[in-house]
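Protein chains in written order, with our numbering: chain A, 1 to 161; chain B, 162 to 397; chain C, 398 to 948.
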Amino acid sequence: MSLLDMDERLLDLASLIDLVYSPIMDVKEFPEGVDITLVEGAVANEDNARMLRLVRERTDVLVAFGDCAVAGNVTALRNPIANPLPVLQRSYGPDPSRMPGLHTPDAEVPPLVTKVENLRALVRVDYYLPGCPPSADLIFFVLSELVAGRTLNLQSRATLG
Amino acid sequence: MSVTTLTINGRLVSAAEGASILDVAREHDIHIPTLCHLDGLSEHGACRLCLVEVAGSSKLQAACMTKAVEGMVVTTDSERLRTYRRQIVELLLAERNHVCSVCVANRACELQDLAVSMGLHHVRYEPQAPQLAMDASHPRWIIDHNRCVLCTRCVRVCDEIEGAHTWDVMGRGRQTLVISDMNEPWGDSASCTSCGKCVRVCPTGALFEKGAVATNKDPHFVTYLRMAREQKLWNR
Amino acid sequence: MIVDDIAAVRDREHAARAAQKARIAVCSAAGCLSTGGSAVKDALTAAVAEQGAGTDVRVLGTGCLGLCHAGPLVRVDAQDAAPAMFEHVTPALAVAIVSGVVGGALPAEQRCDLTQPFFTRQHRIVTSDAGVVDAERIEDYLAANGYAALEKVLTEMRPEEVVREISASGLRGRGGAGYPTGLKWSTVAKAQGPGKFVVCNADEGDPGAFMDRSVLEGDPHRVLEGMAIAAFAVGAEQGYIYVRGEYPLAITRLKTAIRQAERMQLLGHRILDTQFNFRIDIRIGAGAFVCGEETALISSIEGKRGTPRPRPPFPAEAGLWGRPTLINNVETYANIAPIILAGGSRFATLGTEHSKGTKVFALAGRIVNTGLVEVPMGIPLREIIYDIGGGIPDGRTFKAAQTGGPSGGCIPAAHLDLPVDYEALAGIGSIMGSGGLIVMDETSCMVDVARYFMEFCRDESCGKCIPCRAGTVQMHEILLKMTRGTADERDLGLLEQLAELVTRTSLCGLGQTAANPVMSTLHHFREEYMAHIRDKVCPAGVCPMHAEDRP
């Protein structure tokens, strides 16, 4: 949603960017030869891990987008428990029939990993764009710089939370 | 009172006798980051953020605990010191469960401020995610060990200013924990006077008020209390 | 008791000894006791009584006889015969030994060759009373010229002369850091004000180290005498021995020794009828490694949490309860009486230019002769390991020697000819340390060794300063990843940065040296790290090399 806060600046960017993959696009397979990918969220299940590795393989510049991708953040709040099951049961109740796949994960419902990881734990990350959510100004700055092919120094723009 | 002259970051500065490097630096608007230090409390020397280089010494010195000495040449800011300070803050962020976005102290946290001022946009160390308890047994306040940085400001203010010594430290290494009385629930503490000083000096969201967001803790009341006590303002 | 009475005790002991046919010494240090030493001593005593040899043969329990792996050890010193030693002694053999002593022909089996280099290459100063003095009899210590140094100091010397003698000896702190002892003494002596303290640091905590324990168990009076001389030299009237609770035998023997010395007026008020008063109390540690650090030790004696504080001020200026305090290690105090008796300059003839005297080492690990040895400073490492230590067992080859415990480093085969002294060891990234020497062969993985020591430091960090408390956690985390084959080169970079941080910014010696095992193994065995990181292989076959709980 923070992306949308860029308001009319989105239009400027849109003219420079060719959007090839997004959760809101009907593309099944992550394409090859991508210049920039913004990855949001942490690695919470096995499919996230598979996807992240694929993205890394097919992307030139990978940006960890937001505190969850950077540091685990809210997604990683369950880590001290070291077992995702109690968290699921707290949400869905102890009765497995209430949620198929809860106790026996399948292809539809990928198994949760015991420890939620930030992106850096699994792959090389080129840039960290922190914030919960990152500010629209920061997103615009990063995207316009990257699109222009410049390297970034984000130290002076660090935020947490 | 005799005066000492020394050099900090190439500037010649003067100091009252017995002043620490940190005192002198602050007096001359030279910024040195700190965390465990709090004006009005005894020095702890443990966060190591205020380490400075002193010419002629191979070891870095904690500015809070090193006295300014005549002719001393001090460097408070260098590439090396900046690297060390960043690493220390990174270590703290990875040590317990510091999740700013869901913290009551978000935007009012000294640890967060330190990280931001150092340009820390990600932590390279493995998050330890320890399973730590919260103690909400006190009617007004909560201690959440997940956010504690073990600066012991609460321990010191309780002992040195309030005189109750409700808080202390237990265990060692990564198991170190701030405890009330003999590791009893805070709400059951016989020594706690419910003065709330500990909550106000806590640099993070580890100690906070129930149902409130820690917008401004303002720990500087400690210097006023100490001054008032020393000058016997209340002994009329 | 006055000086004449002490002399009378000595005369009586010498006369008794001259009348004895033989003395049978049983090693009564913890090592031999753990393999049945006390049953052997009981059997010897019973056999002597049974064979009616009570006046001719004396059985005594002495300090560590050195060859710990062959215990229980028994040494026989008979009149007109060369000394003999028996290894792995059983109560049955003990009876045979007594019969042999009485009959004039000792058993031939389980004899320990006293002409082997293990015994002949050693130079015993600190451990010279082992086999001679019964650890629980002050009369034995007196007969071996014990407390003669204290007597000399109190009757013939001024405090500043004592300090000068210690300075002239070149003695350096045996606790590990090697600070010149004379300099420390003179700082405390010059410090103003009453109520100074003398403290003995007996909180020996390095894994694999048992030098101080052996001295305390075998020759407690020597430590008390050293402390009393120090107290006279610096002007203290109260001493503390801070000994770890894991050494119950040492504590018992120290208590016995203090009681005996007080009874003979060698401790307490008006010692040897002079104006000098000195009292020693024992303080028992509760099992924290960091309490071996002097400021943490002070805090612990004061009854507070055992955490260090930044220095300066040094304890010599402001120590226990803010008073000038002299803190030395057990082995340092054990060297004092011999220095006073022989003279500082004579002591200084032994050793190297900057490291004088001898050093006691606890040999452990993959070495034939596990045990306690005392060697002159400057002896090549090769001689300690191959000649005295008997080399590496099972036909394996030497890989590294670890000195200095969790604060030290690993020395590779290329440096085997290194003379063992403070400077040489520091020069290759290790330290002398308190004297633990662990030998490793090719079945040891250096990454795993580094991980082990980091785990130790992580668990023993007091938790006060952030770099040590949290930095050791992260370094251990990375080393663990390496042993599981899940680390990459980024992790190696992080590890090296953390090592520098923890070394440079930690508050006390524990943290400042915690990265030494990592840095020295990285320096000498980098290719082994790379095999773990790049090839996911542990060359020694020690590490599991498989990931756990990874997505």
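We put the beta carbon where it would ideally sit given N, CA and C, even for glycine. None of these values were measured; they are calculated from a predicted model.
Proximal chain B residues relative to residue 152/A, where beta-carbon distance stays under 8 Å: As a first step, residue 152/A must be located in the first sequence, where it is residue number 152. Ordered by position in chain B, no residue passes the 8 Å Cβ test against residue 152/A, which lies about 10 Å from the chain.
Can you give me the C-alpha to C-alpha distance between residue 514/C and residue 767/C, rounded to a whole angstrom? Your numbering for residue 514/C matches position 117 in the third sequence. Your numbering for residue 767/C matches position 370 in the third sequence. Rounded to whole angstroms, residue 514/C to residue 767/C spans 14 Å at the Cα level.
Backbone CA spacing between residue 438/C and residue 498/C [nearest angstrom]: As a position in the third sequence, residue 438/C is number 41, starting the count at 1. As a position in the third sequence, residue 498/C is number 101, starting the count at 1. Approximately 15 Å, taken between the alpha carbons.
Buried or exposed: residue 302/B, going by 16 or more other Cβ atoms within 10 Å of its Cβ? Along the second sequence, one-based indexing puts residue 302/B at 141. Residue 302/B is buried by the Cβ-count criterion.
For residue 609/C, which of 640/C, 871/C, 812/C has the nearest alpha-carbon? By one-based count along the third sequence, residue 609/C stands at place 212. Taking only the C-alpha atoms, the option nearest residue 609/C is 640/C.
Run the CB neighbour count on residue 873/C, radius 10 Å, all protein chains shown included, and call it buried at 16 or more, exposed below. As a first step, residue 873/C must be located in the third sequence, where it is residue number 476. That one is buried.
Mind checking residue 866/C: buried by the 16 CB within 10 Å criterion, or exposed? For this step, residue 866/C is matched to residue 469 along the third sequence. With 16 or more Cβ atoms within 10 Å of its Cβ, residue 866/C is classed as buried.
Host alpha helix (DSSP H) of residue 67/A (start-end): As a first step, residue 67/A is located in the first sequence; it is residue number 67 there, counting from the start. From DSSP, the alpha helix (DSSP H) with residue 67/A extends over 67-71.
I'd like to know if residue 210/B contacts chain A, where contact means its C-beta is closer than 8 Å to some C-beta of that chain. In the second sequence, the residue the question calls residue 210/B occupies position 49. Closer than 8 Å: no.
Could you work out which residues of chain B lie near residue 845/C, taking near to mean beta carbons separated by less than 8 Å? Here residue 845/C refers to the residue found at position 448 when the third sequence is read from its first residue. Within chain B, no residue comes near residue 845/C; the closest Cβ sits about 19 Å away, beyond 8 Å.
What's the gap between the Cα of residue 161/A and the Cα of residue 272/B? As a first step, residue 161/A is located in the first sequence; it is residue number 161 there, counting from the start. As a first step, residue 272/B is located in the second sequence; it is residue number 111 there, counting from the start. For residue 161/A and residue 272/B, the distance between alpha carbons rounds to 12 Å.
Which bits of chain C does residue 195/B rub up against, with CB to CB less than 8 Å? Here residue 195/B is taken as the residue at index 34 of the second sequence, counted from 1. Going along chain C, no residue has its Cβ under 8 Å from residue 195/B, so there is no contact; the nearest lies around 12 Å.
Contact belief for residue 909/C with residue 903/C at Cβ below 8 Å, rounded distance in angstroms: Here residue 909/C refers to the residue found at position 512 when the third sequence is read from its first residue. Here residue 903/C refers to the residue found at position 506 when the third sequence is read from its first residue. Sure, about 5 Å apart at Cβ, within 8 Å.
Of the residues 428/C, 400/C, 451/C, which one's Cα is nearest the Cα of residue 416/C? If you number the third sequence from 1, residue 416/C lands on position 19. Among 428/C, 400/C, 451/C, the Cα nearest to that of residue 416/C is on 451/C.
Going along chain B in order, which residues have a C-beta closer than 7 Å to the C-beta of residue 861/C? The sequence position of residue 861/C within the third sequence is 464, counting from 1. Under the 7 Å cutoff, chain B gives 207.
Check whether the Cβ atoms of residue 224/B and residue 211/B lie closer than 8 Å to each other. Stepping through the second sequence from its first residue, residue 224/B is reached at position 63. Stepping through the second sequence from its first residue, residue 211/B is reached at position 50. Contact flag set, yes.
Residue 803/C CB to nearest chain B CB: under 8 Å? Working through the third sequence from its first residue, we reach residue 803/C at position 406. Residue 803/C does not count as touching chain B.
What are the residues that DSSP puts in a beta bridge with residue 509/C? In the third sequence, residue 509/C corresponds to position 112, counting from 1. Per DSSP, 482/C.
Endpoints, beta strand (DSSP E) assigned at residue 633/C: Along the third sequence, read from residue 1 onward, the residue named residue 633/C stands at position 236. Looking at the DSSP string, the run of the beta strand (DSSP E) that includes residue 633/C is 633-641.
Spatially closest choice to residue 662/C from 935/C, 928/C, 403/C, by CA coordinates: Walking along the third sequence from the start, residue 662/C turns up at place 265. Measuring from the Cα of residue 662/C, the nearest candidate turns out to be 403/C.
How about the region 683-700 of chain C and the region 560-569 of chain C: do they share at least three Cβ pairs that are nearer than 8 Å? no
In the DSSP output, what is residue 34/A paired with across the bridge? In the first sequence, counting from the first residue as 1, residue 34/A sits at position 34. Beta-bridge pairing links residue 34/A to 59/A.
Using a beta-carbon distance below 8 Å, is residue 385/B in contact with chain C? Locating residue 385/B in the second sequence gives position 224, counting from the first residue. No, no contact with chain C.
Short Cβ contact (8 Å threshold) for residue 863/C with residue 293/B: Locating residue 863/C in the third sequence gives position 466, counting from the first residue. Locating residue 293/B in the second sequence gives position 132, counting from the first residue. In this structure, residue 293/B does not lie closer than 8 Å to residue 863/C by Cβ.
Buried or exposed: which applies to residue 990/C, given that a residue is buried once 16 or more other Cβ atoms fall within 10 Å of its Cβ? Absent from the structure is residue 990/C, since the part of chain C shown begins at 398 and ends at 948.
Curious, which full-length alpha helix (DSSP H) runs of at least 4 residues does the region 576-633 of chain C contain? 578-587, 608-615, 617-631
For residue 810/C, which of 800/C, 796/C, 818/C, 822/C has the nearest alpha-carbon? Sequence index remark: in the third sequence, residue 810/C carries index 413 (1-based). Nearest of 800/C, 796/C, 818/C, 822/C to residue 810/C, Cα basis: 796/C.
Tell me the DSSP secondary structure of residue 726/C in three-state form. Position 329 of the third sequence holds residue 726/C. If DSSP states are grouped into helix, strand and coil, residue 726/C belongs with the strands.
Three-state class that DSSP yields for residue 858/C in the structure shown: Taking the first residue of the third sequence as 1, we reach residue 858/C at position 461. DSSP places residue 858/C in coil when its eight states are reduced to three.
Thinking residue 805/C and residue 914/C are a contact (beta carbons under 8 Å), I'd like their distance in whole angstroms, please. Here residue 805/C refers to the residue found at position 408 when the third sequence is read from its first residue. Here residue 914/C refers to the residue found at position 517 when the third sequence is read from its first residue. Right, the Cβ-Cβ distance comes to about 7 Å (below 8 Å), so this counts as a contact.
Would you check if the distance between the CB atom of residue 352/B and the CB atom of residue 342/B is smaller than 8 Å? Translated into positions along the second sequence, residue 352/B becomes position 191. Translated into positions along the second sequence, residue 342/B becomes position 181. In contact: residue 352/B and residue 342/B (Cβ atoms closer than 8 Å).
Within a Cβ cutoff of 7 Å, which residues of the same chain sit near residue 523/C, ignoring the five residues on either side of it in sequence? Here residue 523/C refers to the residue found at position 126 of the third sequence. Closer than 7 Å at the Cβ level, and outside the excluded window around residue 523/C, lie 612, 728, 731, 732, 755, 757, 771.
If we cut at 8 Å on Cβ distances, does residue 239/B have a partner in chain A? Numbered from its first residue, the second sequence carries residue 239/B at position 78. No, no contact with chain A.
List, from N- to C-terminal side, the alpha helix (DSSP H) runs of 4 residues or more that fit wholly inside the region 706-774 of chain C. 727-739, 741-744
Helix, strand or coil for residue 777/C per DSSP? For the purposes of this step, residue 777/C is taken as residue 380 along the third sequence, with counting starting at 1. If DSSP states are grouped into helix, strand and coil, residue 777/C belongs with the strands.
Under a three-way DSSP split, which group does residue 454/C fall into? Walking along the third sequence from the start, residue 454/C turns up at place 57. Residue state, collapsed to three classes: strand.
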